[in-house]
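In order, the protein sequence lines correspond to chains A and B. The first sequence lines up with residues 3 to 300 when you count with my numbering. The second sequence lines up with residues 5 to 249 when you count with my numbering.
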Amino acid sequence: MNRANVVETNGLTKRYRSVEAVRSLNLSVPKQQITGFLGRNGAGKSTTIKMLLGMTHPTAGTGTVLGKRIDDPKQSCEMRRCVAYIGEDKQSYAYFTVEEMIRFTKSFYADWRPEVETRLVKEYELPLNRKIRALSKGMRTKLALLLALARRPALLVLDEPSEGLDPVAIEGLLQTLGAASAEGTTVFFSSHQIAEVERVADRVCIIDHGSLVMEASLDQIRQDYRNITLGFSVRPSESDFQLDGIERIQTDGRQMTLLAKQHVNKVVERAHDLGAVSVDVTPVGLREVFLASVKGEA
Amino acid sequence: MMLWYKAWRESRGRFVLMLAFFAAYIIVNFLRVSFLVGSRPSRTMGTEQIYFEFYIRWVPILFFIFVPPLLGAGSLLQERSYGTAALSLSLPVSRSRLVCARIGIGMLEFAVLCLVPAILIPAMSLIEGDSYPISAAFHLAILWIVCGAALLAASFLLSTVLAGQYTGLAGGIVAIFTYYYVTDGWPFFRLFNMAPIIIGLNTARPGTAPHGLPEAFPLLNLFVIAMVALALFVTVIEITRRQDF
Chain A
3 MNRANVVETN GLTKRYRSVE AVRSLNLSVP KQQITGFLGR NGAGKSTTIK
53 MLLGMTHPTA GTGTVLGKRI DDPKQSCEMR RCVAYIGEDK QSYAYFTVEE
103 MIRFTKSFYA DWRPEVETRL VKEYELPLNR KIRALSKGMR TKLALLLALA
153 RRPALLVLDE PSEGLDPVAI EGLLQTLGAA SAEGTTVFFS SHQIAEVERV
203 ADRVCIIDHG SLVMEASLDQ IRQDYRNITL GFSVRPSESD FQLDGIERIQ
253 TDGRQMTLLA KQHVNKVVER AHDLGAVSVD VTPVGLREVF LASVKGEA
Chain B
5 MMLWYKAWRE SRGRFVLMLA FFAAYIIVNF LRVSFLVGSR PSRTMGTEQI
55 YFEFYIRWVP ILFFIFVPPL LGAGSLLQER SYGTAALSLS LPVSRSRLVC
105 ARIGIGMLEF AVLCLVPAIL IPAMSLIEGD SYPISAAFHL AILWIVCGAA
155 LLAASFLLST VLAGQYTGLA GGIVAIFTYY YVTDGWPFFR LFNMAPIIIG
205 LNTARPGTAP HGLPEAFPLL NLFVIAMVAL ALFVTVIEIT RRQDF
């Protein structure tokens with residue numbers, strides 16, 4: 003295992019009868035970074051997270067989280083001492099009050115930080131005596147964050163954390179993730195909201211149909227990828243530009259748009275050779291890269 | 005300890021409801037029967053009638069059909085329908101510990117409910133001028149606890165394999181009905197019928213025991229029933245360990 007990674011999987015696979023939810027996933031999450039796990043609905047993000055945390059048993063492959071094997075119940079249990087998890091629906095036990103939920107959770111963690119608990123209760127304005135069933139989703143998210151952050155976890159795993167939250171709550175959540183990372187916590191969160199991944203993540207992993215289709219830092223994406231728009235006097239042929247590193251080609255009449263990871267100069271040169279009347283090279287955002295990665299499947 | 009507290013909070017409502025229902029049921033019926041026998045020369049029910057009314061007629065039937073499925077409802081699979089299974093499984097405890105806490109609380113609650121008639125029937129009989137022996141009442145409570153453990157374990161098993169909030173509960177009630185029907189009606193299965201043991205008889209067919217008192221403990225039968233319950237509880241733990249959530 004690479005000590006710089008807190009999560010590593012090798013050929014991780016999960017099959018539900020004939021459906022392969024996750025296929026031979028080789029994933030790595032580096033230490034003390036924020037990694038966004040991006041994919042469409044049903045791409046296999048939640049199943050991967052559940053396998054990492056020992057909730058679902060892999061059909062094949064291996065994986066480690068914080069150096070502990072995910073398929074060994076004993077090691078998985080030890081690993082969960084240092085991992086905080088916030089699920090998509092941010093559910094807590096509805097019959098507990100906020101205070102009881104805090105008391106319940108802290109009883110499992112020797113490294114609980116009462117001063118952080120007190121600060122966050124105040125900051126989030128959590129009503130200690132209110133039953134959890136009476137809390138809004140935003141409040142439940144704040145409670146889940148308190149329960150996660152009051153323990154200084156080595157790894158914070160969130161599954162679709164912004165789901166169902168209003169923009170103000172999402173902003174607060176993203177700031178919290180940034181602050182947690184600054185404190186040394188590795189953050190791994192799944193999402194299908196490209197904007198929020200782009201806003202906070204250092205690194206992104208894109209999963210589609212259960213397979214990892216891209217793994218790169220956002221800086222690397224910004225540096226490597228280019229959008230090339232070509233204008234021709236006659237309709238161009240896509241086959242002229244099908245080179246290595248060209249992730250996507252779209253033709254609309256006499257205009258062609260390419261997403262290039264490599265060979266930008268070669269494409270520009272070829273376009274001039276083929277009589278292009280206009281050539282425009284621009285940087286791209288994560289959105290274009292994501293759409294190209296899951297191309298043709300929409 | 006907090007896992008036990010969680011299990012208690014999850015089942016507390018059902019437990020309190022059953023406790024109140026059975027206490028009220030016994031008290032009301034005791035007063036009703038006392039009123040009916042009030043015109044007799046003896047003006048009391050006597051040990052035999054108390055035993056017949058409360059340990060053979062409706063109380064055990066209602067008790068053993070509804071209490072085990074109600075207390076056995078609620079597993080990690082059913083927590084999934086409330087959206088809290090992932091939260092429970094993300095705690096740094098093994099699945100076995102999560103299940104054991106539920107089984108432990110279920111058994112404790114069941115034992116307390118078994119003690120309700122053991123306390124109320126002798127007490128009510130004293131108030132009404134009778135004296136049903138407290139030792140006999142506790143003797144029957146022990147029989148109820150051991151036999152009920154097997155039914156409770158079967159209910160836990162059903163709620164572990166049947167998803168949905170009420171599927172396990174409904175499955176448990178149907179299974180217990182089926183069990184009574186099969187073991188009472190079909191000669192081959194009578195060997196597995198716990199009904200005579202529940203009412204304090206060591207013989208195969210239920211009937212009125214001499215003087216309305218239970219017979220001596222059928223130790224071998226109780227041992228076998230306890231082993232069956234244990235095997236079912238172990239199965240529940242093993243299935244939960246292998247399940248995907």
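Using N, Cα and C, we set each Cβ at its ideal position, and we do this for glycine too.
- Of the candidates B:G175, B:E52, B:L156, B:E52 places its Cα closest to the Cα of B:G216.
- Residue pairing from DSSP places A:D210 in a beta bridge opposite A:S213.
- A Cβ-Cβ distance of about 7 Å is found for the pair B:A167 and B:Q82, placing them in contact under the 8 Å criterion.
- Between the C-alpha atoms of B:W12 and A:G13 there is a straight-line separation of about 41 Å.
- In terms of Cα proximity to A:F243, the closest of A:D254, A:E217, A:V270, A:Q222 is A:V270.
- Counting along the chain, the unbroken alpha helix (DSSP H) around A:K52 starts and ends at 47-54.
- Bounds of the beta strand (DSSP E) holding A:F190 are 188-193.
- In this chain, the alpha helix (DSSP H) harbouring A:G174 covers 169-184.
- Interface annotation for the segment 48-64 of chain A against chain B: K52, L55, G56, M57, T58, H59, criterion Cβ-Cβ distance under 8 Å.
- Taking all protein chains shown into account, A:K92 has 16 or more neighbouring C-beta atoms within 10 Å of its C-beta and is therefore buried.
- Note on A:E240: under 16 other CB atoms within 10 angstroms of its CB, so exposed under the neighbour-count rule.
- If you compare the alpha carbons of B:M111, B:A27, B:S159 with that of B:V150, the shortest gap goes to B:M111.
- Judged by beta-carbon spacing, B:P191 lies beyond the 8 Å limit of B:L147, meaning their Cβ atoms are not closer than that value.
- Chain order gives the chain A residues near B:V97 as C79, R82, F110, where near means a beta carbon separation below 9 Å.
- Excluding residues up to 5 positions away in sequence, V100, L122, M141, K144, L145, L148 lie with their Cβ nearer than 8 Å to the Cβ of A:L128 in the same chain.
- In this structure, A:V199 lies away from A:A218, with their beta-carbon atoms at least 8 Å apart.
- Not flagged as an interface residue toward chain A: B:G108, since no C-beta distance is shorter than 8 Å.
- Residue pairing by DSSP places A:G65 opposite A:T11 in a beta bridge.
- Secondary structure note for B:E52: it is in no beta strand (DSSP E), and the uninterrupted alpha helix (DSSP H) holding it is 50-55.
- Under the Cβ criterion of 8 Å, A:F39 is not counted among the residues facing chain B.
- Residue A:G212 holds the alpha-carbon nearest to the alpha-carbon of A:S26 among A:T66, A:H194, A:L151, A:G212.
- Beta-bridge partners of A:P285 (DSSP): A:R228.
- Residue contact with chain B for A:S235: absent (no Cβ-Cβ distance below 8 Å to any residue of chain B).
- With respect to B:S38, B:E132 sits close: the two C-beta atoms are nearer than 8 Å.
- Short of 8 Å from the beta carbon of A:D113, and not among the five residues preceding or following it, lie these beta carbons of its own chain, in chain order: R153, R154.
- Taking CB atoms only, A:Y227 has no neighbour in chain B less than 8 Å away.
- The count of Cβ pairs closer than 8 Å, one atom from the segment 136-146 of chain B and one from the segment 103-110 of chain B, stays below three, leaving the stretches out of contact.
- For B:A154 against B:A233, the beta-carbon gap comes to about 4 Å, under 8 Å, which counts as contact.
- No residue range can be given for A:D242, since it is assigned to no alpha helix (DSSP H) and is classified by DSSP as neither H nor E.
- Each residue's CA atom was taken as its position, placing A:K133 and A:F98 some 6 Å apart.
- B:E14 reaches chain A at Y95, Y97, counting residues in chain order whose Cβ is nearer than 9 Å.
- In the structure shown, the three-state DSSP call for A:K139 is helix.
- Taking C-alpha positions only, A:E10 is separated from B:P121 by approximately 58 Å.
- Counting only Cβ-Cβ distances below 8 Å, B:G78 has no contacts in chain A at all, with the closest Cβ about 12 Å away.
- Restricting attention to A:L130, A:R82, A:K124, the CA atom closest to the CA of A:R105 is found in A:L130.
- Under the 8 Å criterion on CB atoms, A:G44 is classed as non-interfacial with respect to chain B.
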